[in-house]
Structure formats: C-alpha cells, structure tokens
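Q:
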Amino acid sequence: MHSSLHVPGSPTIFSLILICPGGPGSGKGTQCEKIVERYGFTHLSSGDLLRAEVSSGSERGKQLAAIMEKGELVPLDTILNMIKEAMIAKASTSKGFLIDGYPREVRQGEEFEKKIGAPCLLLYIDAKAETMLMRLIKRGETSGRSDDTAQTIKNRLELYYKATEPVIAYYQGRGIVRKINAEGSVDEVFSQVANAIESLQ
Ligand SMILES: Nc1nc2c(ncn2[C@@H]2O[C@H](COP(=O)(O)OP(=O)(O)O)[C@@H](O)[C@H]2O)c(=O)[nH]1
Ligand SMILES: Nc1ncnc2c1ncn2[C@@H]1O[C@H](COP(=O)(O)OP(=O)(O)O)[C@@H](O)[C@H]1O
Ligand SMILES: [Mg+2]
C-alpha cells in the first residue's frame, strides 16, 4: 500500500483532499473503489451519505429522498455538513480523503474551502452524455435506485451540464485538474487515474 501522500501547505487536519468530479454514470464510484484499494484513502461519496440518511427513515431522510428522486440538488449546508462530520470522524486515521459527488456546483466548492480546506487534485472523470446515459440505464437494472429512472437520469444529466461542469473551470486555473477519459474499460480508466495520483508525489 502506498504511504499517504502529503502535499506541503495542505491543511494539517485533513492531510490530503482529492476530489472526483464527473457526471452521473461517468464511473466516479467505481474508480473511487479502486483508488481506495490501491492507496488506502478514505472515500466519502455524497450520494452514499445521503442514501444512508434516507434509509435511516428520519424525517430529514424523507425530505432528501423526495429531492433525490427528482435528480435535483439537496441543500448545500446539508450535504456539506454531512461530509465535514464524516471527515472529522476519520481525520485522525485517514491517509487522505477522496470526495466523490461533491462539489456539484461552484458555490459548493467555495463553501467547502471556507469550512474544510482546499483540494490538491481533481480527478475529472469525463464521459460522453450517451455513455453516461447507457451506463445509468444499465445500472438502473440492478441498483434499485429511485434516481436511475429515465426521467430522473435526464434531469441529472441536464443539471450536470448546467451546474457541475462549471466546477471544473473553477479549479482549472490552479493547475490541479487532471482530466480522465472515462470512455474505456474500468482498468483503462484506472490506469489514467493512478498516473494522476502518482504525479502528486
Ligand atoms: N464500461 C465501463 N463501465 C463502467 C466504468 N465505470 C463504471 N462503469 C459502470 O457504469 C455504471 C456507473 O458507474 P458508477 O461508478 O456508479 O458511476 P457514478 O454515477 O459516476 O458514481 C455502473 O453500472 C458501472 O458498473 C468504466 O470505466 N467502463
Ligand atoms: N454535492 C451534492 N449536492 C447536492 N445534491 C447531491 C450532491 N451529491 C449527491 N446529491 C444528491 O444525491 C443524488 C445521487 O448522487 P450520487 O450517488 O453522487 O450520484 P451518481 O453517483 O449517480 O453521480 C444526486 O442526484 C443528488 O440528488
Ligand atoms: Mg456514484
């Protein structure tokens, strides 16, 4: 297992923050699992955190489920606080954080930096719209997710191009974005991801 990569000047409490932006169905979750396997980072998926709240049956969970079923964004503070709490809980043992599914709009990125810290690398998982659509339809056959339905997929892809793609441009200027061509096989995509992470050393 690779030792944790510490980037000088990154906030000490959170030794390393990598962000994994990309559209719905681009393969973020799949690539994050492989990154965790090889580098031991702490994977925090905004969607997984939200689904855990939904399955808890809480009142807040019911409100979140209604938003997610439409493929809309949940309130910024809700998801930001959930991520922050998860990071603090793991900060003492984590080799570094891999944030998946956040930010989904520029102001989420701004708030993250105010309240948590600056990321050192963005692994931009880039797939074509038709590829994401095809993968989500396929995933929907087994995921049981209420947001993997035709209409919601359409909403989520529209939201991605409107609100999330601008996040890439927001970080582009800092030279920390690595664009990953996510059209190939999982392993072909991962070899690009591994090169990008190794370039941090
Ligand atoms: N062919 C191919 N399929 C992939 C790849 N990555 C993910 N998938 C599949 O595409 C679907 C979406 O992947 P997921 O990791 O959930 O994407 P996310 O929505 O960005 O988190 C899943 O059914 C995966 O099995 C890839 O690199 N190549
Ligand atoms: N950063 C976020 N801000 C607002 N809502 C979010 C965020 N992350 C996830 N969600 C909600 O959870 C849903 C599922 O997210 P996620 O599991 O990351 O989707 P996928 O992995 O398919 O891209 C999103 O469609 C959205 O409704
Ligand atoms: Mg995912």
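Taking the numbering used here, the leading residue of the sequence shown gets 61, the next gets one more, and so forth. Cβ atoms here follow ideal geometry from the backbone N, Cα and C, with glycine treated the same way.
Buried or exposed: where does Gln211 fall if 16 or more other Cβ atoms within 10 Å of its Cβ makes it buried?
A: The count along the sequence shown starts at 1 and reaches residue 211 at position 151. In summary, Gln211 is exposed, with fewer than 16 beta-carbon neighbours lying within 10 Å of its beta-carbon over all protein chains present.
Q: Please report the distance separating the alpha-carbon of Ala256 from that of Ile240.
A: For the purposes of this step, residue 256 is taken as the residue at position 196 of the sequence shown. For the purposes of this step, residue 240 is taken as the residue at position 180 of the sequence shown. Roughly 9 Å between the two C-alpha positions.
Q: Excluding sequence positions up to five away, which residues of its chain have a Cβ less than 7 Å from the Cβ of Ala125?
A: As a first step, residue 125 is located in the sequence shown; it is residue number 65 there, counting from the start. These residues qualify, in order along the chain: Val114.
Q: Could you tell me whether the segment 139-153 touches the segment 191-201, where touching means 3 or more Cβ pairs closer than 8 Å?
A: no
Q: How many angstroms separate the CA atom of Leu78 from the CA atom of Glu190?
A: On the sequence shown, position 18 is the one that residue 78 refers to. On the sequence shown, position 130 is the one that residue 190 refers to. So the two alpha carbons sit approximately 27 Å from each other.
Q: Which residues mark the beginning and the end of the alpha helix (DSSP H) in which Tyr230 is found?
A: Start at 1 with the first residue of the sequence shown, and residue 230 comes out as number 170. From DSSP, the alpha helix (DSSP H) with Tyr230 extends over Glu225 to Gln232.
Q: DSSP three-state call for Lys239: helix, strand or coil?
A: Mapped onto the sequence shown, residue 239 falls at position 179. Reduced to three states, the DSSP call for Lys239 is strand.
Q: Which residues share a DSSP beta bridge with Cys92?
A: Stepping through the sequence shown from its first residue, residue 92 is reached at position 32. Paired residue(s): none; Cys92 is not in a bridge.
Q: Decide if Arg167 is buried, meaning its Cβ has at least 16 other Cβ atoms within 10 Å, or exposed.
A: Locating residue 167 in the sequence shown gives position 107, where the first residue counts as 1. The Cβ neighbour count for Arg167, taken over all protein chains shown within 10 Å, is under 16; the residue is labelled exposed.
Q: By the 10 Å Cβ neighbour count, where 16 or more other Cβ atoms means buried, how is Gln91 classified, buried or exposed?
A: Against the sequence shown, residue 91 aligns to sequence position 31. Under a 10 Å Cβ-count criterion, Gln91 is classified as buried, with 16 or more other Cβ atoms of the shown protein chains found around its own Cβ.
Q: Would you mind sorting Glu97 into buried or exposed? The rule is 16 or more other CB atoms within 10 Å of its CB.
A: Along the sequence shown, one-based indexing puts residue 97 at 37. Glu97 is classed as exposed because its beta carbon has fewer than 16 other beta carbons within 10 Å across all chains shown.
Q: Would you identify the three-state DSSP class for Leu260, choosing helix, strand or coil?
A: Along the sequence shown, one-based indexing puts residue 260 at 200. In the structure shown, Leu260 sits in coil (DSSP, three-state: anything other than H, G, I, E or B).
Q: Give the straight-line distance between the Cα atoms of Leu260 and Glu119, rounded to the nearest whole angstrom.
A: The count along the sequence shown starts at 1 and reaches residue 260 at position 200. The count along the sequence shown starts at 1 and reaches residue 119 at position 59. Roughly 42 Å between the two C-alpha positions.
Q: On the DSSP letters alone, give me the boundaries of the beta strand (DSSP E) that Ile79 sits inside.
A: By 1-based counting over the sequence shown, the position of residue 79 is 19. Note, Ile79: beta strand (DSSP E), Ile77 to Cys80.
Q: Put Gly69 into one of helix, strand or coil per three-state DSSP.
A: Numbered from its first residue, the sequence shown carries residue 69 at position 9. In this prediction, Gly69 has a pLDDT of 48, which is less than 50 and means its spatial position is unreliable; what the coordinates show is noted afterwards. Coil at Gly69, not helix or strand.
Q: If you draw a straight line from the C-alpha of Cys80 to the C-alpha of Gly177, how long is it?
A: Your numbering for residue 80 matches position 20 in the sequence shown. Your numbering for residue 177 matches position 117 in the sequence shown. Cα to Cα, Cys80 sits roughly 15 Å from Gly177.
Q: What is the C-beta distance between Met192 and Gly83, in whole angstroms, given that I count them as a contact (C-beta under 8 Å)?
A: Locating residue 192 in the sequence shown gives position 132, counting from the first residue. Locating residue 83 in the sequence shown gives position 23, counting from the first residue. The pair is a contact, with the Cβ atoms about 5 Å apart (cut-off 8 Å).
Q: Is it the case that the CB of Leu260 approaches a heavy atom of ligand 2 more closely than 8 Å?
A: Residue 260 sits at position 200 when you count from the first residue of the sequence shown. Answer for Leu260: no, Cβ out of range of ligand 2.
Q: Work out the CA separation of Pro135 and Ile95 for me, nearest whole Å.
A: The residue labelled residue 95 in the question sits at position 35 within the sequence shown. The residue labelled residue 135 in the question sits at position 75 within the sequence shown. If you take the alpha carbons of Ile95 and Pro135, they lie about 28 Å apart.
Q: Given this structure, state the Cα-to-Cα distance separating Thr153 from Tyr99, to the nearest angstrom.
A: The sequence position of residue 153 within the sequence shown is 93, counting from 1. The sequence position of residue 99 within the sequence shown is 39, counting from 1. Between Thr153 and Tyr99, the alpha-carbon positions lie close to 14 Å from each other.
Q: Within the present structure, is the beta-carbon of Gln91 separated from the nearest heavy atom of ligand 1 by less than 8 Å?
A: As a first step, residue 91 is located in the sequence shown; it is residue number 31 there, counting from the start. Yes.
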